[in-house]
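Comments concern the structure below.
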């Protein structure tokens with residue numbers, strides 16, 4: 001991978017060759033203001049509750065560039081293991097994978113605050129392990145913060161990171177990295193679980209997390225926490241009362257056909273459009289219609 005500075009993105013740049021002429025392409029409607037300032041973790045913590053936080057996942061530079069004008073927070077989630085790499089869970093995702101995708105999203109975004117998930121096994125051992133790996137994520141990606149799952153048992157780790165200058169997004173409720181302990185991907189917070197989820201949320205807030213993701217939690221409990229906690233909450237399968245909402249982008253766009261959570265709303269069927277486009281391309285190639293003369297470089301005139 002060629003190293004590039006954060007201010008020298010080559011996204012959207014075309015090679016200087018007639019083979020790469022842009023005369024048949026449609027200009028994107030996304031433009032980047034060079035004076036645009038990235039949203040900070042402090043701004044998110046003090047966010048106006050009248051204007052909900054808009055958050056989505058992003059794993060690549062092109063997708064980050066499309067999402068950036070519309071989102072306040074982009075999460076480089078370990079969900080990339082399932083969505084991008086076809087894994088059954090997020091557990092096999094490595095720190096190196098998260099860093100590589102974090103770098104890509106930072107190159108593609110300019111406005112949104114970017115958070116990077118700490119993958120399974122990179123922070124649970126003790127606070128010092130968490131700091132080493134979180135510091136590496138921050139230094140190598142340029143992201144604004146890290147996100148980690150856990151409640152009461154992770155409070156000391158969150159505090160350790162925050163005291164050393166690493167902003168933390170908490171994650172309570174359904175915790176995908178603990179899927180086997182949860183007994184699968186299921187909604188939490190019913191019955192006796194409610195007290196534990198509540199204790200987890202308060203412990204992480206008290207430890208210094210500047211915002212908290214509440215996932216897969218029954219709505220009344222999620223609403224109660226959103227109204228009671230001193231920091232913004234971002235819901236995913238939680239409650240409209242949360243200060244913001246986040247979804248997996250591929251669920252929103254209809255790109256992840258294997259499974260669509262009940263709480264996700266599809267706003268497009270991009271997967272169907274891709275299938276149609278590739279089918280048309282394949283048909284043109286097999287019929288000899290592509291490439292045509294307009295797609296080939298002409299010989300230089302004799303002279």
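Residue numbers (the UniProt record's numbering): 1 to 303.
Every residue gets a Cβ at the ideal spot worked out from N, C-alpha and C, and that includes glycine.
| message | Can you look up residue 301 in the DSSP assignment and give me helix, strand or coil? | response | As a position in the chain shown, residue 301 is number 301, starting the count at 1. The answer is coil: DSSP assigns residue 301 none of H, G, I, E or B.
| message | Excluding the 5 residues flanking residue 245 on each side, which residues of the same chain have their C-beta closer than 8 Å to its C-beta? | response | Position 245 of the chain shown holds residue 245. Around residue 245: 52, 53, 54, 55, 234, 235 and 236.
| request: May I ask you to report which of helix, strand or coil DSSP gives residue 244? | output: As a first step, residue 244 is located in the chain shown; it is residue number 244 there, counting from the start. If DSSP states are grouped into helix, strand and coil, residue 244 belongs with the strands.
| message | With a threshold of 8 Å, are at least 3 pairs of Cβ atoms found where one atom belongs to the stretch 261 to 281 and the other to the stretch 74 to 87? | response | With the cut-off at 8 Å, the stretch 261 to 281 and the stretch 74 to 87 do not touch.
| field | Candidates 278, 275, 205 and 217, of which the one nearest residue 45 by Cα | value | By one-based count along the chain shown, residue 45 stands at place 45. Of 278, 275, 205 and 217, the residue nearest in Cα terms is 205.
| request: Figure out for me which residue from 173, 132 and 195 has the closest Cα to the Cα of residue 188. | output: If you number the chain shown from 1, residue 188 lands on position 188. Checked all of 173, 132 and 195; the closest Cα to residue 188 is 173.
| Taking Cβ to Cβ, would you say residue 211 is nearer than 9 Å to residue 243? | Locating residue 211 in the chain shown gives position 211, counting from the first residue. Locating residue 243 in the chain shown gives position 243, counting from the first residue. Yes, the pair counts as a contact, with Cβ atoms nearer than the cut-off.
| task | For my contact list, residue 209 and residue 169 are in at a C-beta cut-off of 8 Å; report their separation, rounded to the angstrom. | result | The residue you call residue 209 lines up with position 209 of the chain shown. The residue you call residue 169 lines up with position 169 of the chain shown. Correct: roughly 6 Å between the Cβ atoms.
| said: Which residue wins for smallest C-alpha separation from residue 119, given the options 150, 254 and 256? | reply: Mapped onto the chain shown, residue 119 falls at position 119. Ranking 150, 254 and 256 by Cα distance to residue 119 puts 150 first.
| field | First through last residue of the alpha helix (DSSP H) which encompasses residue 149 | value | Counted from its first residue, the chain shown places residue 149 at position 149. Unbroken run through residue 149 is the beta strand (DSSP E), 145 to 149; no alpha helix (DSSP H).
| field | Coil, strand or helix - residue 55 by DSSP | value | Counting from 1 along the chain shown, the entry for residue 55 is found at position 55. Residue 55: strand per DSSP, three-state reduction.
| CB-CB under 8 Å to residue 198, same chain, minus the five flanking residues each way: which ones, in chain order? | Counting from one through the chain shown, the residue named residue 198 turns up at place 198. Closer than 8 Å at Cβ, skipping near neighbours: 221, 224 and 225.
| task | Give, in chain order, every unbroken run of the alpha helix (DSSP H) that is at least 4 residues long and sits entirely within the stretch 226 to 300. | result | 249 to 253 and 270 to 287
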